[in-house]
Every structure is written in C-alpha cells, then in structure tokens.
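Heads up: the structure comes next, in structure tokens.
Number of protein chains: 2
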Amino acid sequence: MIKIAVDAMGGDFAPKEQIEGAMLAVKKINDIEINLYGDKVEIAKYLTNHNRITVIPANYVIPMGETNPIKAIKEHPDSSMALALASLRKGESDAAVCSGATQALIAGAHILVRRMAGFRRTAIAPIIPSFNGKGTILLDCGANLEIRPEHMLQQAFFAVVYAKEVLKRDNPIVGLINIGTEAGKGRELDKQVYDLFTNKKIFTFCGNVETKEILDPPCDILISDGYTADIVMKTMEGTAKGMGKFLKRELSRTFFGKLGALMAQKNLNSFKKAMSAEEIGGAMIFGLYAPVIKAQGASKAYGFSNAIRQAADVVRNEVYPKVAKYVQESGDQFGNEE
Amino acid sequence: MIKIAVDAMGGDFAPKEQIEGAMLAVKKINDIEINLYGDKVEIAKYLTNHNRITVIPANYVIPMGETNPIKAIKEHPDSSMALALASLRKGESDAAVCSGATQALIAGAHILVRRMAGFRRTAIAPIIPSFNGKGTILLDCGANLEIRPEHMLQQAFFAVVYAKEVLKRDNPIVGLINIGTEAGKGRELDKQVYDLFTNKKIFTFCGNVETKEILDPPCDILISDGYTADIVMKTMEGTAKGMGKFLKRELSRTFFGKLGALMAQKNLNSFKKAMSAEEIGGAMIFGLYAPVIKAQGASKAYGFSNAIRQAADVVRNEVYPKVAKYVQESGDQFGNEE
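Chains A and E, in that order, give the protein sequences.
Okay, so the first sequence: first residue is 4 according to the numbering used here, each after it adds one.
Okay, so the second sequence: first residue is 4 according to the numbering used here, each after it adds one.
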C-alpha cells in the first residue's frame with residue numbers, strides 16, 4: 004500500500020474539498036492509504052467514508068496568506084501542514100499532498116523533508132496547459148534566483164524521469180526558455196546551460212524555445228532559472244485571466260453576444276477547463292527526500308484527488324529512487340559546493 | 004510641417020498596406036508630410052493620392068526574415084529602410100516609421116540614426132493592451148541583456164515623458180516587473196533599481212509589479228531588463244495566440260458552439276481587436292537621436308497610419324528635446340562609462 008499524507012486544512016475551500024478529494028482518490032485508486040491531518044471535529048463533519056483513511060489530529064492551520072513561512076513552520080510543529088510533511092522522514096508516509104500556503108509549504112519541505120542526498124537545488128514544477136492536452140512541465144517556479152547550469156541539469160533530469168514514469172511520455176524532450184531559438188542566444192547562464200545540456204546527452208534536448216510557443220512548445224519540459232520561470236508562469240496566468248475578463252466584458256455588451264455565449268456555454272466551459280491546471284494535477288517539488296505535491300489553493304475535490312493520484316503515481320513508479328541513483332552515480336561532477 | 008520618413012517596402016503586406024496607411028495618415032493629420040521610400044514602379048501601383056507625399060526611389064528591400072541585420076544595413080545603403088533611417092540625421096525627416104524586419108531596423112537605427120547624446124542604452128517599447136483600454140508601455144523589449152540601474156532610470160524617464168506628451172497621461176506611473184510586490188524581492192538588479200527609482204523621485208514609482216497583473220497593472224509603464232521584458236512580451240503573445248486557438252477549437256466542436264460563435268461574432272471581433280496592438284500603434288525605440296517607430300510586421304493600412312500618427316505626436320509634442328534636456332542636465336550622474 005502506498006501511504007499518502009494529506010493536509011486536510013490548507014486551501015481556499017478546506018477542509019471540505021480536501022476531504023471529499025481524499026475519499027474520491029481512495030475510491031479510484033486501489034493501492035493507496037491516506038493519513039489525513041487536521042482538526043478532528045471539522046474533519047468529522049465531511050468524512051463520510053473511513054475506508055483506508057486514517058485521521059491524525061492537528062491543532063493548528065497555517066493560514067493561506069502566511070507572510071513569515073519559516074517562522075510559521077518552526078513555531079507550529081503541530082500544524083496539519085508540518086505534521087503531514089514530518090511524516091515523510093519518519094517513514095509514516097511515502098508522499099505528501101497539500102493545497103495550503105505555497106511559501107509555507109516550500110519552507111516546510113526544506114526544513115522537515117529536506118533535500119535528496121546530492122541534489123543541489125530543489126525546483127517547483129507545475130504542469131501548464133498545452134494545445135495537445137498533455138501539458139508541459141515548467142520549472143523552476145520556486146525561489147532559486149541564482150543557479151548554476153549543473154543544478155539545472157539535475158532539475159531537468161528529474162523532470163525527464165517524472166515525465167517518463169508518471170506522465171508516460173516515451174522520450175521526454177527538454178527545452179530551454181530563451182529569447183531566441185538559435186544557439187548562443189540569451190544571457191551567459193543560458194549559453195552555459197545550452198552547452199551543458201547539449202554535451203551531457205543524458206536526455207533529449209531540443210535547444211532554445213521562445214515563450215511565444217508557451218502553449219504549444221516542441222517539448223515536454225521547459226526549464227529556466229527561478230526568476231524567469233516564475234515570470235513566465237505569472238505572465239501566462241495574468242494574460243489568461245485578463246483575456247477571460249476582456250471576453251466576458253465583450254460578450255455581455257450586446258444581446259446577441261449574451262445569447263451567443265449562452266448557446267456556446269458548454270464550449271466556453273470546456274475552454275476554461277482546458278486552460279485550467281485542475282485536470283492535470285498539482286505542482287511537484289523536485290529534489291526533496293520524498294515527494295511533496297502542492298495542489299492549487301483553489302482546488303476542488305476533483306482537482307485535489309488528481310494531485311493525490313499524481314503522488315501515488317510518483318511513488319508507484321519509483322521516480323525518487325531512479326533520480327537518487329542517477330544523482331549518486333554522477334555526484335562528483337557537481338563538485339564539493341555546499 | 005512635420006516630416007515623416009516611411010519605409011513603404013517592409014512588412015508582411017507591403018507595399019500596399021503601407022502606402023494606403025500613408026495616404027490615410029495624410030488625410031487625417033493636417034500638419035504632416037511624408038517621404039515614402041521604395042520601389043517607384045511598385046509604389047505607383049498603389050499611390051492614388053500624392054498630396055503631401057513625396058516618393059523617394061530605393062533599389063533594395065531588406066527581407067522580413069533577415070538573419071544578418073548589421074551586414075544587411077551596411078551592404079544596402081540604398082534599401083528603403085536604410086534610406087528612411089539615414090534621412091533623420093540629414094535633417095530631411097523628423098521621424099521614421101517602418102514595419103520591416105525588426106532586427107535590421109534596430110541595427111539600422113543604431114548605425115544610421117545613433118543614440119541621443121548622453122543616453123546610454125536605447126530601449127524598445129511596445130504598447131501592450133490593458134483592461135482599461137489605454138495600454139501599457141512595456142520596456143525594454145530590445146537586446147540589452149546586461150544593463151545598469153542608471154540606464155533603466157533614463158529609459159523609464161523617457162517612457163514617462165512619452166506617456167505624458169503622446170499618450171496624454173496626467174501623471175504617468177512606473178512599475179518594476181518583479182516576482183513579488185514587496186520591497187527587496189527579486190534579483191540584485193531589481194533591488195538596486197527599486198532603490199534608485201525610489202530615491203531619485205523624478206517620476207511616480209509604484210514599486211514592484213507581478214506579471215499576473217500584466218493586463219491590468221497599477222501603472223502606465225512596466226520596466227525590466229531586455230531579457231525579462233522580451234520573455235514577458237512573448238509569453239503574452241504565446242498565451243493569447245494559444246488561447247485563441249483553444250477557443251476556436253472548442254467553439255467548432257459542436258453545433259451550438261458554432262451557432263453561438265456566429266451570433267457573438269461581433270463581440271468576438273471586438274475582443275480580438277482589444278487584444279491587438281494595431282489600435283494603439285507601433286513600438287518606439289527610446290533614446291535615439293530622433294524618433295524611430297517599428298510598426299507591426301503584419302500591419303494593415305489602419306494600424307500603419309496609427310504608427311505614423313504616433314510619430315507625428317512624438318515630434319509635435321517635443322518628446323525628444325524634453326528628454327535630451329533632462330539627460331544633459333543630469334548627465335554626470337551616469338559617470339564616464341563608455
């Protein structure tokens with residue numbers, strides 16, 4: 004049985020959607036057991052089926068907008084998030100899923116789960132929508148503003164194993180986000196990464212990719228430093244949100260616009276769904292001791308159950324042991340830094 | 004009379020749309036004269052009104068996909084683009100408008116127009132759509148991958164004068180693109196820019212702006228280095244293009260989707276128009292000796308005439324003399340670099 008630690012309390016619609024999501028996941032996936040961390044009384048209100056779900060009481064909830072994440076994690080070891088994360092090192096769970104405060108989760112993962120031996124910089128990797136419906140792994144959307152090419156090689160390798168084993172891509176292709184497609188484009192970091200990825204040949208590298216291809220890229224994985232990938236992610240989010248607002252405003256301006264929108268409502272909803280991350284799952288934190296998945300703050304039961312499925316897939320397909328083996332074997336090339 | 008040099012031959016639909024755009028501009032704007040550079044025979048096919056338009060023959064057209072822009076400009080001083088640009092230094096024109104190959108235009112502007120005295124780094128500044136319909140100036144979408152905070156201060160000041168005099172914003176507000184809104188966020192460059200803009204107080208600075216607000220920002224001007232702003236611009240472009248494709252695919256999937264789209268066609272067209280840059284005009288190259296405007300490669304007559312109007316507004320409102328005066332007066336703060 005794969006054991007998944009689930010923080011029931013973090014999220015815009017917690018704990019209801021998280022608990023329903025956990026019940027849904029257990030129903031759909033036969034080989035999982037869930038440890039559900041949270042307020043006993045609150046959980047009892049929504050948990051209608053205890054099959055393969057164990058409730059573990061937690062006295063505190065780290066609030067969604069937490070501005071001092073490190074302090075919050077350190078001062079609240081009894082929070083649902085901290086308990087769920089701490090269960091990984093203790094061997095009580097194989098993976099953790101949480102839709103709570105992002106920064107607190109990242110801080111907690113580093114403090115309580117810690118890095119995989121030899122892995123230099125963790126990376127946050129959401130899956131963004133793609134025109135082919137399969138999605139693209141984008142990294143690093145975390146906080147590594149300064150990074151070395153060798154660290155990005157580790158991160159890209161992690162993404163390749165994940166894409167192969169969990170997303171079932173035959174030959175995952177890595178692309179480097181850049182301002183032009185030709186070799187030699189971009190900053191010094193980009194040129195070094197281009198050369199390193201080309202020379203190492205440990206995965207298929209398609210070279211530089213411009214972000215005007217962001218929804219239809221020639222690769223499965225798009226990588227850049229933590230500043231750039233975060234800017235790309237938020238620009239996508241802002242453009243999609245803004246365009247949605249524009250479209251709604253235009254359609255509501257005339258009678259025929261409203262009528263047309265009403266007739267096409269089903270299609271407009273599919274469109275919205277295709278642009279949403281709920282279908283694909285949460286963002287993975289690559290490079291930890293064990294898998295931690297950040298489901299969207301606005302997760303509903305269905306999306307949250309997908310993040311649990313994703314966590315189970317990562318464990319079942321031995322993504323972590325496979326990456327750890329590579330990191331061990333190639334370890335010396337990263338020098339003795341840190 | 005304001006004299007505008009127009010490259011008739013560059014653009015996806017040149018010279019037809021450029022010539023029609025020039026005639027449209029002359030019709031709408033009373034105080035302009037146009038020098039139209041291009042193939043005499045080709046121009047004669049479309050130029051039906053010579054009122055305030057002088058044709059100046061050019062023997063060569065720099066192709067749209069030109070891969071060696073510097074060589075192209077240097078080897079073809081008789082090209083329509085090079086002749087139009089060279090007319091600025093000679094005092095034959097007050098501003099130049101071109102929808103031809105972007106990289107060649109930037110190279111040509113640096114070689115033939117050159118920088119304003121004391122201005123360290125030129126910046127390319129398109130106007131991107133905004134929810135309020137007024138548009139936001141985004142810079143630098145050029146090639147300054149490495150830049151100093153002082154250079155960005157000059158660029159931001161230029162954008163402020165431009166926003167005030169041409170776009171008629173009362174008190175233009177500058178925002179710094181960043182991965183978080185709090186002071187102290189981002190890379191070393193971002194922190195330095197934040198401090199410099201805050202301390203100098205030569206324009207209103209609203210601090211850091213996240214790109215999830217890209218279509219509805221709390222400012223008139225969004226600035227970053229040439230790598231980042233280019234990534235933001237192309238991510239917007241890619242997301243908008245990709246979403247358009249998603250929407251079209253979804254709407255064409257069912258009978259009601261198609262019917263609804265047909266009924267709302269007028270609204271969908273307004274939506275498309277609101278997201279397009281054609282309404283607002285072309286991208287300015289800030290910091291040259293005289294104004295050069297890059298109209299979109301896919302410009303049609305209307306959009307191209309808007310870029311000509313924009314050029315006339317820049318000249319009429321003395322944007323360049325105003326910036327030059329500031330740069331002269333504040334010159335020594337930029338040190339003796341270069």
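We put the CB at the ideal spot given by N, CA and C, even for glycine.
Since the structure is predicted, the reported quantities are computational estimates derived from the model, not experimental observations.
Does D15/A have its Cβ less than 7 Å from a Cβ in chain E? no
Helix, strand or coil at D15/A [DSSP, three-state]: coil
Between E69/A and chain E, is any beta-carbon pair separated by less than 7 Å? no
Listed from N- to C-terminal order along the chain, which residues in the stretch 170 to 189 of chain E have their beta-carbon within a distance smaller than 8 Å of any beta-carbon of chain A? I180, I182, G189
Against chain C, with Cβ distances strictly below 7 Å, would F289/A count as a contact? Chain labels in this structure do not include chain C; the protein chains are A and E.
Using a cut-off of 8 Å between C-beta atoms, extract the partners of I234/E located in chain A. I180, I182, T214, T231, I234, V235, T238
Less than 7 Å between CB atoms is the rule here; does M266/A satisfy it with respect to chain E? yes
Looking at S90/A: is its Cβ nearer than 7 Å to the Cβ of A61/A? no
Applying a beta-carbon distance threshold of less than 8 Å, which residues of chain E neighbour G138/A? Those do not exist, as G138/A stays about 13 Å from chain E at its closest Cβ, beyond 8 Å.
Name the DSSP bridge partner or partners of M101/E? Before going on, a small fix: residue 101/E reads as Cys here, not Met. Beta-bridge pairing links C101/E to K297/E.
May I ask you to check if the CB of A17/E is nearer than 6 Å to at least one heavy atom of the ligand GTP? Questions concerning the ligand GTP fall outside what the structure shown contains, since it holds no ligand whatsoever.
Let me check one thing: in DSSP terms, what residues is L141/A bridge-paired to? L225/A
Cβ atoms of A107/A and I150/A: under 7 Å apart, would you say? no
Residues in its own chain within less than 7 Å of V164/E by CB, not counting five upstream and five downstream? V322, K325, V326
Less than 8 Å between the CB atoms is what I'm expecting for F259/E and A267/A, so what's the real figure, rounded? 6 Å
Going by DSSP in three states, P72/A sits in which element: helix, strand or coil? helix
Can you find the residues in the same chain that come closer than 7 Å, C-beta to C-beta, to A11/A, ignoring five residues on each side of it along the sequence? A17, P18, Q21, I22, L39, Y40, G41, I46, S83
Return the Cβ separation of L141/E and M236/E in integer angstroms, given the expectation that the two are a contact with Cβ distance under 8 Å. 6 Å
Short check: CB of G24/E to CB of I76/E, under 7 Å? no
Please list the terminal residues of the continuous beta strand (DSSP E) segment that includes F289/A. 286 to 289
Along the alpha helix (DSSP H) that carries I46/A, what are the first and last residues, could you check? 43 to 49
Would you be able to state if there are at least three C-beta pairs under 8 Å between the stretch 163 to 178 of chain E and the stretch 195 to 202 of chain A? no
Which residues in chain E have a C-beta closer than 9 Å to the C-beta of T257/A? List them in chain order. A267, K269, N270
I'd like to know if the stretch 287 to 305 of chain E and the stretch 118 to 126 of chain E are in contact, where contact means that at least 3 CB-CB pairs between them fall below 8 Å. yes
Give the interface partners of T242/E over in chain A, defined as CB-CB distance under 8 Å, in chain order. I217, L218, T238, M239, T242, A243, M246
With 16 other Cβ atoms within 10 Å as the buried cut-off, status of R92/E: exposed
Could you tell me the alpha carbon to alpha carbon distance between H154/A and I114/A, rounded to whole angstroms? 20 Å
When F134/A, C144/A, S133/A, K137/A are compared against I127/A, the one with the closest alpha-carbon: C144/A
Residues near S96/A in its chain [Cβ-Cβ closer than 7 Å; skip 5 each side]: K6, I7, A8, N38, S90
State whether the stretch 214 to 225 of chain E contacts the stretch 216 to 231 of chain A, with contact taken as three or more CB pairs (one from each stretch) at a distance under 8 Å. no
Local conformation of F122/E per DSSP, three classes: coil
In the DSSP output, what is F206/E paired with across the bridge? F206/E is not bridged to any residue.
Any beta carbon of chain A sitting closer than 7 Å to that of G338/E? Residue placement at G338/E is poorly supported in this model, since its pLDDT is 45, which falls under 50; the coordinates still yield a value, given next. Chain A contact via Cβ: absent.
Could you tell me how far apart the beta carbons of V169/A and V317/A are, in whole angstroms, since I believe they sit closer than 8 Å? 6 Å
Reference M4/E, options I56/E, S255/E, N52/E, closest by Cα: I56/E
Beta-carbon proximity of N211/E to T184/E, cut-off 7 Å: yes
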